[in-house]
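Asks: Sequence lines, in order, name chains A and B.
Residues in the first sequence are numbered consecutively from 1, following my numbering.
Residues in the second sequence are numbered consecutively from 1001, following my numbering.
Dumping the structure here so I can ask a few things about it.
Number of protein chains: 2
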Amino acid sequence: MAARSYGQYCGVTTAVELIGERWSLLIVRDLLVGPRRYTDLRQGLPKIPTNILSARLKELQEGGVVRRVPLLHCGLVYELTPYGRELEPIVLALGRWGFQRMGEPQEDAIVTADSLTMALRTAFQMDAAASLPPADYEVHVADVVLRAQVDGPALRIAQLHPAGRPVDPRAQDRASVDGAADVVFGAGPGIRRLIAGELTPAQAVDEGVVHVLAGEETLIERFAATFHIEGGRA
Amino acid sequence: MAARSYGQYCGVTTAVELIGERWSLLIVRDLLVGPRRYTDLRQGLPKIPTNILSARLKELQEGGVVRRVPLLHCGLVYELTPYGRELEPIVLALGRWGFQRMGEPQEDAIVTADSLTMALRTAFQMDAAASLPPADYEVHVADVVLRAQVDGPALRIAQLHPAGRPVDPRAQDRASVDGAADVVFGAGPGIRRLIAGELTPAQAVDEGVVHVLAGEETLIERFAATFHIEGGRA
DNA sequence: CCGGATCCGAATCGATACTG
DNA sequence: CAGTATCGATTCGGATCCGG
């Protein structure tokens, strides 16, 4: 174990010893969306070997980042501790930083419900949203369906598909998503260019990057204003 | 190379592919202090194998995070690109996060000039400092000597020792550090407890964690108010 | 000295199979 | 469902070596 130490007495070093191993931060990313069972994590991280997932969960527990919570009569879930939840702004900032270097996806690259959820949180412009009317979006990307409800500065995201048996009856995921969304649209990977501002909403619709399935097409503009990542590129 | 991909089209994933390898973020940490030559980085990361340092620098360049800059007649330095410099708030936040879990140092753990510099930046409370008079601290920890000049919301840190041949004549490091500091003090690893608020300034001096070598002892209180990391512990 | 490249054993990771 | 066990493929670490 001492072999994996960086040998420095420093906060950054300690942090990367806690969450710097391969896969660790992606597990944290998914757990930031909500508690997950072992199998959920495996589906959200399809390429992780199971022994590595086990090992990481164990290390994260020892580091006080993750907690294992037994569920009455129905298995157990992993969830972030309060300390682990303090990573949220860091993971969001990293997502914003990495977003700028995402090119076109490799052909085998996938989009998971949790990664898309975090991507929307990453791109959420609270200030812009606060000055816009509430809106309720249903987004389809690959086989993932998300419902993003924006109300002033608040954002709530529910995962409609893949379903994933609700882990907790109190789970908010499905709550209050009974009505219809204001707009339903499908998108391909090119949605990155819309969020990056490389495409105007009109262009995105014209090019077929975004196709409206139901509801008001003009809401795509509000979506683009609400979810945006600056490319402060030189 | 595709073997090291996480197989997801996601900003967080892209980010950890760029800077998630072992040692990468520590190289970034040191480069956030200023441009460094290969040898400087080796000294700042004493336990890094030289082949790994080479490999990481190459990867970081390919990722557009680091740039290699030849110096006229005197070698070359590595420096962060503008994109790499955008990591500063993230690295500082990670340092703050990890700081809370730093226990007592392992016996072989060291403190480097760059890591201590970043630690002070991490702990710097701009708001508190802005409402305090300017102050000029000289801090000795192990064999590192730093000069931290606080002037309102601004913090400037110079590394007085180890010296490290100035990389650029315009380097600010030694500039304007001719006068005497307002207070000079030495500290051991216990300074962590002062910054974490586990120790009052008076206790820190009493326990010998901090010993004033010159100047006004009362400035230790101002130092503690200026450099502080909350332990939002449960 | 600076800026690496090379070699090799040890540790880790990835893929798959298997189990309570 | 929630992991262990196994084993070959990679990567890391430590040391040495090399061209300016």
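Just so it is clear, CB atoms sit at the ideal spot from N, CA and C, and this is done for glycine as well.
(1) So within the region 70 to 140 of chain A, which uninterrupted alpha helix (DSSP H) runs reach at least 4 residues, ignoring any that extend past its ends?
(2) Using C-beta distances below 8 angstroms, list every residue in its chain close to B/PRO1070, excluding the 5 sequence neighbours before and after it, in chain order.
(3) Counting only Cβ pairs nearer than 9 angstroms, list the residues of chain A close to B/SER1005.
(4) For A/PHE124, return the contacting residues in chain B, with the cut-off set at a CB-CB distance below 9 angstroms.
(5) According to DSSP, what are the bridge partners of B/ALA1187?
(6) Is it the case that the Cβ atoms of B/ALA1113 and B/PRO1162 are separated by a distance below 8 angstroms?
(7) Applying the criterion that 16 or more other CB atoms from any shown protein chain within 10 Å of the CB defines a buried residue, is B/MET1126 buried or exposed?
(8) Is A/ILE195 helix, strand or coil when you go by DSSP?
(9) What residue range is occupied by the uninterrupted alpha helix (DSSP H) comprising B/ILE1157?
(10) Quick one: grab the DSSP three-state call for B/ASP1151.
(11) If you count every other CB in all the chains shown that lies within 10 Å of the CB of B/GLY1179, and 16 or more means buried, which is it?
(12) Between the region 81 to 101 of chain A and chain B, which residues of the former have CB atoms less than 7 angstroms from a CB of the latter, in chain order?
(13) Thinking C-alpha only, which one of B/GLN1100, B/THR1218, B/GLY1103 is nearest B/TYR1137?
(14) Can you tell me which of the three DSSP states A/LEU45 falls into?
(15) Less than 8 angstroms between CB atoms is the rule here; does B/LEU1194 satisfy it with respect to chain A?
(16) For B/GLY1011 and A/GLY7, I'd like the C-alpha separation in whole angstroms.
(17) Between B/ILE1110 and A/TYR9, is the Cβ-Cβ spacing less than 8 angstroms?
(18) Could you tell me which residues DSSP puts in a beta bridge with A/GLY215?
(19) Name the DSSP beta bridge partners of A/LEU146, please?
(20) Within the 8 angstroms Cβ cut-off, does A/GLN159 reach chain B?
(21) Would DSSP call B/PRO1169 helix, strand or coil?
(22) Would you kindly work out how many angstroms separate the C-alpha atoms of A/GLY95 and A/LEU116, rounded to a whole number?
(23) Within 8 angstroms of any Cβ in chain A, is that where the Cβ of B/PRO1169 sits?
(24) Contact between the region 1143 to 1155 of chain B and the region 41 to 51 of chain A: three or more CB pairs below 8 angstroms?
Replies: In short:
(1) Listed in chain order, they are 82 to 85, 88 to 99, 113 to 123, 126 to 130.
(2) Mapped onto the second sequence, residue 1070 of chain B falls at position 70. LEU1076, listed in sequence order.
(3) Looking up residue 1005 of chain B in the second sequence gives position 5. Scanning chain A for C-beta atoms nearer than 9 angstroms to the C-beta of B/SER1005 yields LYS47, GLN106, ASP108, ALA109, reported in chain order.
(4) Indexing the first sequence from 1 puts residue 124 of chain A at position 124. The premise fails here: A/PHE124 is roughly 13 angstroms from chain B at the closest Cβ pair, so nothing lies under 9 angstroms.
(5) Against the second sequence, residue 1187 of chain B aligns to sequence position 187. B/ALA1187 pairs with B/VAL1141, B/VAL1210.
(6) Residue numbering aside, residue 1113 of chain B sits at position 113 when the second sequence is read from its first letter. Residue numbering aside, residue 1162 of chain B sits at position 162 when the second sequence is read from its first letter. By the CB criterion at 8 angstroms, B/ALA1113 and B/PRO1162 fall inside the cutoff.
(7) Against the second sequence, residue 1126 of chain B aligns to sequence position 126. By the 10 Å Cβ count, B/MET1126 comes out exposed.
(8) Indexing the first sequence from 1 puts residue 195 of chain A at position 195. Collapsing the DSSP output to three states places A/ILE195 in a helix.
(9) In the second sequence, counting from the first residue as 1, residue 1157 of chain B sits at position 157. No alpha helix (DSSP H) contains B/ILE1157, which is instead part of the beta strand (DSSP E) from 1154 to 1161.
(10) Position 151 of the second sequence, counted from the start, is the residue given in the question as residue 1151 of chain B. Here B/ASP1151 carries a strand assignment [DSSP, helix/strand/coil].
(11) By 1-based counting over the second sequence, the position of residue 1179 of chain B is 179. Counting Cβ neighbours within 10 Å, B/GLY1179 comes out exposed, since fewer than 16 surround it.
(12) When C-beta distances to chain B are compared with 7 angstroms, the residues of the region 81 to 101 of chain A below that value are PRO82, GLU86, LEU87, PRO89, ILE90, VAL91, ALA93, LEU94, GLY95, ARG96, TRP97, GLY98, PHE99, ARG101, in chain order.
(13) Position 137 of the second sequence, counted from the first residue, corresponds to residue 1137 of chain B. Of the listed residues, the one whose Cα sits closest to B/TYR1137 is B/THR1218.
(14) Here residue 45 of chain A refers to the residue found at position 45 of the first sequence. The answer is coil: DSSP assigns A/LEU45 none of H, G, I, E or B.
(15) Locating residue 1194 of chain B in the second sequence gives position 194, counting from the first residue. Judged by the 8 angstroms Cβ criterion, B/LEU1194 is not in contact with chain A.
(16) If you number the second sequence from 1, residue 1011 of chain B lands on position 11. If you number the first sequence from 1, residue 7 of chain A lands on position 7. Distance between the alpha carbons of B/GLY1011 and A/GLY7 is about 30 angstroms.
(17) Numbered from 1 along the second sequence, position 110 holds the residue referred to as residue 1110 of chain B. Numbered from 1 along the first sequence, position 9 holds the residue referred to as residue 9 of chain A. Contact flag set, yes.
(18) Your numbering for residue 215 of chain A matches position 215 in the first sequence. Partner(s): A/VAL183.
(19) What you label residue 146 of chain A is simply residue 146 of the first sequence in a count that begins at 1. According to DSSP, which records beta bridges pairwise, A/LEU146 is partnered with A/VAL139, A/GLN159.
(20) Walking along the first sequence from the start, residue 159 of chain A turns up at place 159. It does not; no Cβ of chain B falls within 8 angstroms.
(21) For the purposes of this step, residue 1169 of chain B is taken as residue 169 along the second sequence, with counting starting at 1. Residue placement at B/PRO1169 cannot be trusted, given a pLDDT of 49 that sits under 50; the coordinates are not used to answer.
(22) On the first sequence, residue 95 of chain A is found 95 positions in, with the first residue counted as 1. On the first sequence, residue 116 of chain A is found 116 positions in, with the first residue counted as 1. Answer to the nearest angstrom: the Cα atoms are 11 angstroms apart.
(23) Within the second sequence, numbered from 1, the residue matching residue 1169 of chain B stands at position 169. Bear in mind that a pLDDT of 49 at B/PRO1169, under 50, signals an unreliable position, so the number given afterwards is only what the model happens to contain. No - not a single Cβ of chain A is within 8 angstroms of the one on B/PRO1169.
(24) Because the criterion of three Cβ pairs below 8 angstroms is not met, the region 1143 to 1155 of chain B and the region 41 to 51 of chain A do not touch.
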